[in-house]
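Heads up: the structure comes next, in structure tokens.
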Amino acid sequence: MASRGLVKYFGVKNWNFSVSKFPFRAHQKCSDCGQLFGTAVILTSSRCLLTDKQALSGYGNQTSHRKLHTSNHLLKKKDYYEILGVARNASVKDIKKSYFQLAKKYHPDTNKDPDGVKKFQEVSEAYEVLSDDGKRKEYDSWGTTSEQMGMGAPPPGGQGFGAQSWQFHSTIDPEELFRKIFGEAGFKTGSFGEDFSESKFGFGAAQEVSMRLTFTQAARGVNKEITVNVVDTCPKCNGSRAELGTKAIRCHYCNGTGYETISTGPFVMRSTCRYCAGTRMLIKFPCVECEGKGSSVQRKKVVVRVPPGVEDGQTVRLPVGNKELFITFRVDKSDYFRRDGPDVHTDAEVSLAQAVLGGTIRIQGIYEDHTVQVLPGTSSHTRLRLNEKGLKKVNTTSGYGDHYVHIKVKVPKKLTEKQQALMLAYAELEDDTPGIIRGITYKKDV
Numbered sequence: 001m002a003s004r005g006l007v008k009y010f011g012v013k014n015w016n017f018s019v020s021k022f023p024f025r026a027h028q029k030c031s032d033c034g035q036l037f038g039t040a041v042i043l044t045s046s047r048c049l050l051t052d053k054q055a056l057s058g059y060g061n062q063t064s065h066r067k068l069h070t071s072n073h074l075l076k077k078k079d080y081y082e083i084l085g086v087a088r089n090a091s092v093k094d095i096k097k098s099y100f101q102l103a104k105k106y107h108p109d110t111n112k113d114p115d116g117v118k119k120f121q122e123v124s125e126a127y128e129v130l131s132d133d134g135k136r137k138e139y140d141s142w143g144t145t146s147e148q149m150g151m152g153a154p155p156p157g158g159q160g161f162g163a164q165s166w167q168f169h170s171t172i173d174p175e176e177l178f179r180k181i182f183g184e185a186g187f188k189t190g191s192f193g194e195d196f197s198e199s200k201f202g203f204g205a206a207q208e209v210s211m212r213l214t215f216t217q218a219a220r221g222v223n224k225e226i227t228v229n230v231v232d233t234c235p236k237c238n239g240s241r242a243e244l245g246t247k248a249i250r251c252h253y254c255n256g257t258g259y260e261t262i263s264t265g266p267f268v269m270r271s272t273c274r275y276c277a278g279t280r281m282l283i284k285f286p287c288v289e290c291e292g293k294g295s296s297v298q299r300k301k302v303v304v305r306v307p308p309g310v311e312d313g314q315t316v317r318l319p320v321g322n323k324e325l326f327i328t329f330r331v332d333k334s335d336y337f338r339r340d341g342p343d344v345h346t347d348a349e350v351s352l353a354q355a356v357l358g359g360t361i362r363i364q365g366i367y368e369d370h371t372v373q374v375l376p377g378t379s380s381h382t383r384l385r386l387n388e389k390g391l392k393k394v395n396t397t398s399g400y401g402d403h404y405v406h407i408k409v410k411v412p413k414k415l416t417e418k419q420q421a422l423m424l425a426y427a428e429l430e431d432d433t434p435g436i437i438r439g440i441t442y443k444k445d446v
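If you're matching positions, the sequence shown starts at 1 in UniProt numbering and goes up one per residue.
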């Protein structure tokens, strides 16, 4: 009767009452999971429980074969990183990119392989875990390390991601996840919701470009050619989105209305057709070059009109096709000009005679050369201002900065005998010398 009580308690149906001992011993195979166990177990088609002495004496305190079965199952757990084909330190952006490519490959609308649906579900499950920081952290801790699968206890309450019980059960339909991320039109709307396809040049048009300029180019402005990724009309289908020799037909999924009716339980919703994206036309043979988008990422040369007066580090917005390109300028320093906003500063040397007697000098300007008047008695470090001869003001419709010329008197280091004699003669006549002059004899006052 004790045996019958155990059978009744454990729900065992196929018990052999003709023997007094349990019918299964060490190294028996479970009819459920096919695994071998080194302890006596009760094996049935519906349940399998470990029946060691502790289990038989305490009934409820059983080290169940069910738990062992879970641990062994997790040892063979799917590697989400391997499913998505990304590294374990991959960024969320890389994970999303890989998910989109694989989901597009195995989507039931494009992949008729019977295993495609299963792979589509696996990809969706992997993305749902790895795209969430919390789920990914728990998965990295308990999800794939086989050494940890049979160690430790589950968290309180038996929930969460314990070492023995880490399991993820998605609550989101793979199709709904796909549409939620990439829009109602799914993969037919283009890469990451764009209306163009990726190519060997990249996944999108360039958004930021750095351009190096000389000081003169930045000051005067220049038309400079650069090579960037742009989104342009597909060169193969010329924007028709269909393969050569074919054309779009009326969408038979929505009967050319552009809308479809979706039933979810008792609710009926009307949404944009997922197949024609509301265009009411369906392309049966989409262009393989642009994947039926009509546009693709292409590598082209673009002429950038650099406005006069741009500064180092300044960013301008340039329309390129139907996109915008942000260009940051890197301006080399000049050995001659010094910039201060729209103003420029330069140095100009004058001779001793020019400084004393006055005269004119020729200097280089931003746009042209200038003749500068040097007044008699000009001392070194005198600053001359050339009004509105500086750089064009970028943030205003008109106006220029100023050009400041800093005078430096050049003192001769060597003199001829005649120049020496003339300087001595002048020195003897000078009466406001602060100190003494070398080579001049001063008479003492009597």
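All C-beta atoms in this analysis are idealised placements derived from N, C-alpha and C, irrespective of residue type, glycine included.
Keep in mind the model is a prediction, meaning the values are calculated, not measured.
Cβ neighbours of residue i in the same chain (closer than 8 Å, five flanking residues each side left out)
i, result
"Thr433", "Ala427"
"Tyr259", "Arg270, Ser271, Thr272, Cys273, Gly278"
"Gly365", "Leu386, Lys389, His403"
"Thr227", "Arg299, Lys300, Lys301, Val302"
"Ile440", "Leu424, Ala427, Glu428"
Cβ-based burial, residue i [other Cβ within 10 Å; buried from 16]
i, result
"Leu282", "buried"
"Ser379", "exposed"
"Gly401", "buried"
"Gly60", "The predicted model places Gly60 with a pLDDT of 41, which falls under 50 and marks its position as unreliable, so this point remains unresolved."
"Pro342", "buried"
"His381", "exposed"
"Glu291", "buried"
"Ala355", "buried"
"Lys392", "buried"
"His107", "buried"
"Lys104", "buried"
"Ser295", "buried"
"Ile95", "buried"
"Val92", "exposed"
"Phe267", "exposed"
"Leu375", "exposed"
"Leu415", "exposed"
"residue 459", "Residue numbering for the chain in the displayed model covers 1 to 446; residue 459 lies beyond these limits and cannot be assessed."
"Asn238", "exposed"
"Tyr99", "buried"
"Ala206", "Only weak support is given to the placement of Ala206: the predicted model assigns it a pLDDT of 49, under 50, and the question is left unresolved by the model."
Where the beta strand (DSSP E) containing residue i begins and where it ends
i, result
"Arg241", "No beta strand (DSSP E) holds Arg241; DSSP gives it neither H nor E."
"Gln364", "359 to 364"
"Ile262", "259 to 264"
"Gln373", "369 to 374"
"Phe285", "Unbroken run through Phe285: none, as it is neither H nor E."
"Ala348", "343 to 351"
"Val86", "Premise fails: Val86 is in no beta strand (DSSP E) and is neither H nor E."
"Lys271", "Checking the sequence, you will find Ser at residue 271 rather than Lys. Unbroken beta strand (DSSP E) run through Ser271: 267 to 272."
Cut-off 7 Å between Cβ atoms - residues of its own chain near residue i, not counting five sequence neighbours on either side
i, result
"Ile327", "Val209, Met211, Val304, Thr315, Val316, Leu318"
"Thr371", "Thr360, Arg362"
"Cys234", "Cys287, Glu289, Cys290, Gly294, Ser295, Ser296"
"Arg136", "Val129, Leu130"
"Phe285", "Ala242, Glu243, Thr246"
"His345", "Arg338, Tyr404, His406"
"Lys224", "Met211, Val304, Val306"
"Phe120", "Ala103, Tyr106, His107, Pro108, Pro174"
Residues near residue i in its chain [Cβ-Cβ closer than 6 Å; skip 5 each side]
i, result
"Ala218", "Val310, Val331"
"Lys21", "Only weak support is given to the placement of Lys21: the predicted model assigns it a pLDDT of 40, under 50, and the question is left unresolved by the model."
"Ser57", "Residue placement at Ser57 cannot be trusted, given a pLDDT of 39 that sits under 50; the coordinates are not used to answer."
"Leu213", "Phe329, Val331"
"Leu357", "Pro376"
"Val222", "Val306"
"Lys118", "none"
Contact with chain C by residue i, beta-carbon distance below 8 Å
i, result
"Ser210", "Considering every chain present, this structure includes no chain C. It has just one protein chain."
First through last residue of the alpha helix (DSSP H) which encompasses residue i
i, result
"Asp133", "133 to 142"
"Asp79", "Counting along the chain, Asp79 falls outside any alpha helix (DSSP H), and DSSP gives it neither H nor E."
"Arg220", "215 to 220"
"Tyr127", "116 to 130"
* Determine contact between the segment 342 to 355 and the segment 400 to 418, defined as no fewer than three beta-carbon pairs at a distance below 8 Å. => yes
* Report yes or no: do the segment 124 to 133 and the segment 79 to 91 share at least 3 C-beta pairs separated by less than 8 Å? => yes
* How do the segment 228 to 243 and the segment 331 to 340 stand: do at least 3 beta-carbon pairs fall below 8 Å, yes or no? -> No: the two stretches stay apart, fewer than three of their Cβ pairs being nearer than 8 Å.
* Note down, one range per segment and in chain order, each beta strand (DSSP E) of at least 3 residues found wholly within the segment 297 to 339. => Complete beta strand (DSSP E) runs here, min 3: 315 to 320, 323 to 331.
* Could you name each continuous beta strand (DSSP E) segment of 3 residues or more that falls completely within the segment 384 to 446, going from the start of the chain to the end? => Counting only unbroken stretches of 3 or more residues, the beta strand (DSSP E) elements lying wholly within the segment 384 to 446 are 403 to 410, in sequence order.
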